[in-house]
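Just so you know, this note's numbering puts 446 at position 401 of the sequence shown, and the rest follows in order with no gaps.
Glycine is no exception: its CB is placed at the ideal position from the N, C-alpha and C atoms.
Here the structure is a predicted model, which is why all the values come from computation and not from measurement.
Working notes, structure below.
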Amino acid sequence: MANKLKFSLKEIPLLFTVLWVVVFASALYFLDKSVIAFVGILFSIILVYYTKASKAVRMLVGAIILLVIIPLVAGDNRYYMEVASQVGIYVAMALGLNIVVGFAGLLDLGYVAFFASGAYAYAIFATAQANEFIPGHLFPLTGNWFWPFLIVGLIVAAIFGILLGLPVLRVKGDYLAIVTLGFGEIIRIIFNNLDKPINITNGPQGLTPIATPELFGIKMSTPFYFYFIILVVIAFIVLANIRFEHSRLGRAWIAVREDELAAQSMGISLLHTKLAAFATGASFAGVVGVIFAAKQTFIDPTSFTLMESFGILVMVILGGSGSIPGVILGAAFVTVLQVQLLKEFSNFLHSMQSSGLINLPTQLDPSKFQRLIFGLLLILVALFRPHGLIPAKRKKDDINAIKNSGYATEKTGILSKLTGSK
């Protein structure tokens, strides 16, 4: 049954995908805050992935949906663009965690600490908070500094990733999860208490107002602009994931994930490989943290709780650990479920209750059962799709083509010396 379903998904006609996009794009344009229309246009990205067409055609159709159709039909609706921006932020976060968990097999429960480091790196200097410990009243920085701080956030988070990697090199499995969990909580507590004796983070009161991005005198303070910023960042992270996956370092990560002892016996340095995984995954979270701080214009330690790390890990496992399209699907699905579907369903039930059709106790509010629903989803995925919604695919080489190539018959090394060939 699973093979038939997989075959049918791969055989989706291009015409069907185009009609799907047209129908739901029209519904998104004419219907105000339609949940079904918005979910339908997001689901069209998955249809594009399974469409029977060349890779170039699928990439073109996907680019048109993301860069043209969604901004064109939903750009004037702040609600749609806000949800799309939130989806993009968590997709980028999940792709960063996928390097640590999916490629290197290192269970990281403190990933939100890197997200927080990037956010605070920008927020401290984009508000007047930096005047508390740097004389001269030079702050806040203008929104033009947002772009350089994307690099600053990347570097700061990478440093935090190395600091986390150093003490956990000797542990693995459950102990690794405990250490990373503690690291995430330590960072949150530090940010929460770093308001004395020198006030650096303003403690539990948070930082506001954080300067929004500016480019050529245009203030990018609306979700419409952040949608495109996040798309560019996601494209960069996806490209980096693809390049890393098939690189020498990526193969080293996979070898460490499968068997550390065997990888080490083959000459792979566990020290450098694990530190590279932590630093790379953390750097992407730092970039997203800068965007998050600029978008929210307010951050405090409660924005970076342990449950955020759990939520991102759920996205990776649900979509498919190590699978780039799977992680994107998992992050988008969980975010839409959390941000839109459950809240809209809760509002629908409240409207029916106010009209007297039903009597719903407050304890049964669907928006209060997010963690329960996530747990049930993970159980169902573990039972029926243990490798995720879109499992990771290993690159396979054609053995027959290798045997028939000129390199297979060429004698090298000691054989060339014995036969006298060069």
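Query	Result
Minimum C-alpha distance to F191 - residue among T347, P258, I81	P258
Anticipated Cβ contact below 8 Å, G356 with G365, distance rounded	About 17 Å; that fails the 8 Å criterion.
Unbroken alpha helix (DSSP H) run spanning G418, endpoints	Residue identity differs from the one stated: residue 418 is Ile in this sequence, not Gly. Here the alpha helix (DSSP H) through I418 covers 415-429.
Alpha-carbon to alpha-carbon, F148 and I299	5 Å
Under the three-state DSSP convention, the category L434 falls into	coil
Bridge partners - T225, DSSP secondary structure assignment	DSSP output for T225 lists no bridge partner at all.
Residue closest to I204, alpha-carbon to alpha-carbon, out of A175, A166, P406, A173	A166
Bridge partner(s) assigned by DSSP for L92	Its beta-bridge partners do not exist; DSSP assigns none.
Neighbourhood of L50 by C-beta, 7 Å cutoff - its chain only, sequence neighbours within 5 removed	Residue confidence is low: L50 scores 44 on pLDDT, short of 50, so the model does not pin down where it sits. No coordinate-derived value is stated.
Length of the line joining the Cα atoms of K340 and A307	45 Å
Per-residue burial, P431 [other beta carbons within 10 Å of its own, 16 or more giving buried]	exposed
Outcome for L142 when other beta-carbon atoms lying within 10 angstroms are tallied against a minimum of 16	buried
Nearest-angstrom beta carbon gap, F337 and I134 [assumed within contact, 8 Å]	6 Å
Beta-bridge pairing of E259 - partner residues as DSSP gives them	K264
Top-ranked residue by Cα proximity to N129, from R293, L316, F269	Per the sequence presented here, residue 129 reads as Ala, with Asn not at that position. When only C-alpha atoms are compared, the closest one is F269.
Exposure label - K4; buried when at least 16 CB within 10 Å	Shown here, the chain extends from 46 to 467; a query on residue 4 therefore has no answer.
Neighbourhood of L315 by C-beta, 8 Å cutoff - its chain only, sequence neighbours within 5 removed	L214, V301, E305, A308, Q309
With 16 other Cβ atoms within 10 Å as the buried cut-off, status of N189	exposed
V333 burial status per 10 Å Cβ neighbour count (16 or more: buried)	buried
Three-way DSSP call (helix, strand, coil) for L252 in this model	strand
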